[in-house]
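If you read the sequences in order, they're chains A and B.
Position one of the first sequence corresponds to residue 2 (my numbering), numbered consecutively onward.
Position one of the second sequence corresponds to residue 111 (my numbering), numbered consecutively onward.
Built from N, CA and C at the ideal position, the CB exists for glycine as well.
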Amino acid sequence: MLNLDSRAIVKVVVGSVFMIALVYNAKHCVQELQYCLGDKTIDQVDLLDDEFAQLRNMLSSYGEVGYVSDEEAAAKTFYLIQYAVSPVLVVRGLKPVAIIGNFEDSAARLQFIRNNHLMLLKKIDANMMLFIREAE
Amino acid sequence: MFLCLSIFLPWFTAYFIICYLWPDLKRSGAQALMRGSLAIGMGFGISSCLFFVCLLFVGSHPDLSFVIDLSIFISSGCLFLYKVRKKDIRIGLKPEKKVSMKFHRPSLMLAGFYVICTLAITFFILNSVNESNGTWDAIAIWNMRARFLFRGGDKWTEAFSNLYAWSHPDYPLLIPGNVARIWTYVGHETTLAPIVLAFLFTFATVALMVSAIAYLRSSSQGLIAGMVLMGTSFFISHGNGQSADVPLGYFILAAVILFCLHDAAAGRGLQLLVFFSGMMAGFAAWTKNEGLLFIVSLIAARFLVTIPRKGWRSYREEMLFFIAGLLPILIIVAYFKTQIAPPNDLLSGQGFNSMMHKITDATRYAVIGKAFISKLLTLMKAMIFIFPLCLVLFGCSHEKKNHSGMVMPLFVLCFMLSGYFMIFLITPNDLIWHLNTALQRLFLQLLPVSLFAFFLGIATPEEVTWRCGI
């Protein structure tokens with residue numbers, strides 16, 4: 002231990018701890034406050050929760066729901082849809098009877114419907130739709 | 111109303127149980143704070159286990175959870191009142207007398223602590239308002255599992271299908287079980303449930319550490335430790351993320367503290383604290399898989415500490431009480447792991463040869479070691495400088511019992527870090543990706559117990575003042 006005045010030693014240590022903790026917490030409070038008061042975009046989790054709230058009961062009758070997308074961030078949306086429709090199981094691909102299609106490109110969507118003999122059941126949002134397989 | 115009930119029933123039940131079984135000789139603020147913060151973990155641990163057992167045997171039944179919680183609350187409340195009326199004061203825990211040391215201006219330090227605490231709480235609340243659904247882990251793992259338990263009805267076990275491998279369906283249910291239990295009380299889903307749980311576990315960790323260090327060392331030392339914990343950049347920001355790492359860190363800290371308190375009351379027969387420690391270790395395993403590693407680490411650390419000092423007999427007796435607290439929870443964890451959850455993704459699906467190849471690959475050791483050091487420095491930010499500063503200016507405590515008290519948590523830390531190192535070594539995932547996504551959370555789990563060990567070992571402001579003869 003250094004040979005310093007005990008008061009100075011304690012002041013240095015406690016003061017340093019206090020200042021670091023103060024700066025860190027104050028900085029985060031300001032950031033959160035700015036975000037809180039600023040123009041917030043709607044949370045994607047809440048958005049999908051709202052969009053699928055009505056559909057959940059209907060989807061549960063199908064047991065499993067497929068998911069197909071041309072979106073770049075498809076994985077994230079897939080997980081969030083699973084979160085929104087739980088306990089309905091969402092699987093990637095076209096195997097289930099009910100399929101959620103998420104297409105940014107409308108031409109790709111049309112092609113997808115034609116190729117897979119699907120029927121539009123419900124439009125969820127601009128890109129996302131629920132289809133069921135037409136009886137062959 | 112029902113949200114409050116769902117929180118306070120288990121909390122107060124555990125508080126009554128702790129007060130009944132752990133009577134005090136001298137009432138102090140630190141002891142009350144310690145009991146209150148221990149009761150949070152114990153209460154939510156017990157209630158999630160009961161909720162899971164009810165789901166298993168009775169299925170989803172909204173009123174049953176409330177009836178069970180209420181009956182346990184009333185029973186424990188009656189026992190507590192009986193104890194209070196009888197004024198049955200038996201044995202205390204207060205460590206032996208302390209050298210008379212006075213510290214100047216403790217009230218100024220207390221004011222500083224309150225300022226930091228207020229800011230940390232404000233940050234937590236504002237962040238929870240802005241991101242009420244929590245971090246990605248909270249959404250994809252913990253809250254999604256809670257939705258399955260709440261919405262699933264009789265099909266709740268479908269949450270543990272291998273089809274959800276991306277969501278780690280083998281993770282245990284302390285957090286999702288509690289969130290689903292609160293939703294059951296309230297009757298609908300609300301983001302308040304995971305937020306309140308996250309808040310309680312985050313600040314119970316702070317309260318537990320402050321009170322335990324205040325109890326074992328000094329109040330001012332406890333306040334410094336609390337400020338360091340709240341000022342460590344990633345503790346509060348992960349706490350409000352609603353993930354399970356802060357609750358796991360809480361249970362690790364609680365189990366270690368209870369053993370330290372037991373050691374501080376040497377020879378006074380408080381084996382009950384070891385029983386509580388066993389419970390807390392069990393709840394750690396019921397929170398996250400790393401809790402199982404913690405149980406092994408704690409048993410091994412106690413072996414290394416107790417055998418040379420007190421011998422086999424003492425260790426055996428200690429372990430009997432520890433296992434008595436641990437076993438009921440471990441049975442639930444074992445049932446979940448073997449009957450409901452799919453195999454763990456890190457251990458299953460890789461052969462012996464593949465593991466041996468990774469273990470003998472020297473470059474992996476270097477990559478992991480480098481990542482450990484750089485991540486620690488990045489996460490602690492400016493607070494990292496406090497540790498050498500304290501060591502140089504305060505020095506180590508001259509009291510021998512503080513050194514021995516610090517040894518056990520240090521052994522636990524070494525074993526846990528070695529375990530984490532081994533997991534990274536044999537991971538089937540891409541090593542860099544795994545280190546980048548997991549290491550931060552693993553350090554977070556060990557942060558409270560690391561700070562506890564550190565502040566147990568260094569000199570207190572009182573000792574510094576006393577040494578300098580003022």
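Quick check on residue i: buried or exposed, where buried means 16 or more other Cβ atoms within 10 Å of its Cβ?
i: tyrosine 192 of chain B; result: exposed
i: aspartate 471 of chain B; result: exposed
i: tryptophan 121 of chain B; result: buried
i: arginine 291 of chain B; result: buried
i: tryptophan 266 of chain B; result: buried
i: phenylalanine 462 of chain B; result: exposed
i: arginine 255 of chain B; result: buried
i: histidine 513 of chain B; result: exposed
i: proline 519 of chain B; result: buried
i: aspartate 44 of chain A; result: exposed
i: glycine 515 of chain B; result: buried
i: arginine 423 of chain B; result: exposed
i: alanine 108 of chain A; result: exposed
i: proline 172 of chain B; result: exposed
i: proline 418 of chain B; result: exposed
i: phenylalanine 132 of chain A; result: buried
Tell me the rounded alpha-carbon separation between residue i and residue j.
i: isoleucine 199 of chain B; j: glutamine 141 of chain B; result: At isoleucine 199 of chain B the pLDDT is 46, less than 50, meaning the model places this residue with poor confidence and gives no usable figure here.
i: glutamate 52 of chain A; j: glycine 401 of chain B; result: 38 angstroms
i: alanine 476 of chain B; j: serine 464 of chain B; result: 19 angstroms
i: alanine 275 of chain B; j: isoleucine 533 of chain B; result: 18 angstroms
i: proline 438 of chain B; j: phenylalanine 565 of chain B; result: 33 angstroms
i: leucine 119 of chain A; j: proline 88 of chain A; result: 24 angstroms
i: valine 366 of chain B; j: histidine 508 of chain B; result: 22 angstroms
i: glycine 479 of chain B; j: isoleucine 334 of chain B; result: 30 angstroms
i: glycine 222 of chain B; j: threonine 397 of chain B; result: 33 angstroms
i: leucine 556 of chain B; j: glycine 146 of chain B; result: 22 angstroms
i: serine 185 of chain B; j: arginine 474 of chain B; result: 55 angstroms
i: arginine 110 of chain A; j: glutamine 449 of chain B; result: 42 angstroms
i: phenylalanine 112 of chain B; j: tyrosine 295 of chain B; result: 6 angstroms
i: arginine 551 of chain B; j: asparagine 117 of chain A; result: 44 angstroms
i: alanine 481 of chain B; j: valine 522 of chain B; result: 21 angstroms
i: lysine 491 of chain B; j: serine 528 of chain B; result: 23 angstroms
i: glycine 105 of chain B; j: leucine 310 of chain B; result: The shown model of chain B, from 111 to 580, leaves out residue 105 of chain B, and the question about it has no answer.
i: threonine 315 of chain B; j: proline 216 of chain B; result: 22 angstroms
i: valine 517 of chain B; j: lysine 77 of chain A; result: 45 angstroms
i: lysine 124 of chain A; j: isoleucine 100 of chain A; result: 12 angstroms
i: isoleucine 494 of chain B; j: serine 158 of chain B; result: 36 angstroms
i: proline 357 of chain B; j: histidine 298 of chain B; result: 24 angstroms
Check whether the Cβ atoms of residue i and residue j lie closer than 7 angstroms to each other.
i: alanine 269 of chain B; j: phenylalanine 258 of chain B; result: yes
i: leucine 49 of chain A; j: alanine 85 of chain A; result: yes
i: proline 286 of chain B; j: tryptophan 246 of chain B; result: no
i: glutamine 280 of chain B; j: asparagine 539 of chain B; result: With the sequence shown as reference, residue 280 of chain B is identified as aspartate, and glutamine is not the correct amino acid for it. Their beta carbons are not under 7 angstroms apart, which means aspartate 280 of chain B does not touch asparagine 539 of chain B by this criterion.
i: alanine 14 of chain A; j: leucine 326 of chain B; result: Checking the sequence, you will find valine at residue 14 of chain A rather than alanine. Cβ atoms of valine 14 of chain A and leucine 326 of chain B: not closer than 7 angstroms.
i: glycine 435 of chain B; j: glycine 388 of chain B; result: yes
i: glycine 263 of chain B; j: glutamine 352 of chain B; result: no
i: alanine 394 of chain B; j: phenylalanine 361 of chain B; result: yes
i: arginine 93 of chain A; j: tyrosine 63 of chain A; result: no
i: proline 97 of chain A; j: valine 66 of chain A; result: yes
i: alanine 308 of chain B; j: glycine 349 of chain B; result: yes
i: isoleucine 226 of chain B; j: alanine 22 of chain A; result: yes
i: leucine 229 of chain B; j: asparagine 26 of chain A; result: yes
Does residue i come out as helix, strand or coil in the three-state DSSP assignment?
i: serine 560 of chain B; result: helix
i: serine 138 of chain B; result: coil
i: arginine 291 of chain B; result: helix
i: glycine 102 of chain A; result: strand
i: valine 89 of chain A; result: coil
i: arginine 327 of chain B; result: coil
i: methionine 211 of chain B; result: Note that methionine 211 of chain B has pLDDT 48, beneath the 50 cutoff, so the model's placement of it is unreliable and the number below is only indicative. Methionine 211 of chain B falls in the coil class under three-state DSSP.
i: leucine 121 of chain A; result: strand
i: tyrosine 130 of chain B; result: helix
i: valine 415 of chain B; result: helix
i: glycine 67 of chain A; result: strand
i: methionine 129 of chain A; result: strand
i: isoleucine 43 of chain A; result: coil
i: glycine 202 of chain B; result: Confidence in glycine 202 of chain B is poor, its pLDDT being 49 and thus under 50, which makes the residue's placement unreliable; the coordinate value appears in the next sentence. Coil, per DSSP.
Chain E partners of residue i, CB-CB under 8 angstroms?
i: tyrosine 84 of chain A; result: In the displayed structure, chain E is absent; the protein chains listed are A and B.
Which of the residues in the region 315–337 of chain B, read from start to end, lie with their CB under 7 angstroms from any CB of chain A?
Ile334, Met337
Which residues, in order along the region 265–286 of chain B, keep a beta-carbon less than 9 angstroms from a beta-carbon of chain A?
Lys265, Trp266, Glu268, Ala269, Ser271, Leu273, Tyr274, Trp276, Ser277
Interface positions of the region 485–498 of chain B facing chain A (Cβ-Cβ less than 8 angstroms), listed along the chain
Lys491, Ala492, Met493, Phe495, Ile496
Residues of the region 227–241 of chain B with Cβ closer than 8 angstroms to any Cβ of chain A, in chain order
Leu229, Ala230, Thr232, Phe233, Leu236, Asn237, Val239, Asn240, Glu241
Please list the residues of the region 17–46 of chain A that have a C-beta atom closer than 7 angstroms to any C-beta atom in chain B, keeping them in chain order.
Ser17, Val18, Phe19, Ile21, Ala22, Leu23, Tyr25, Asn26, Ala27, His29, Cys30, Glu33, Leu34, Tyr36, Cys37, Asp44, Val46
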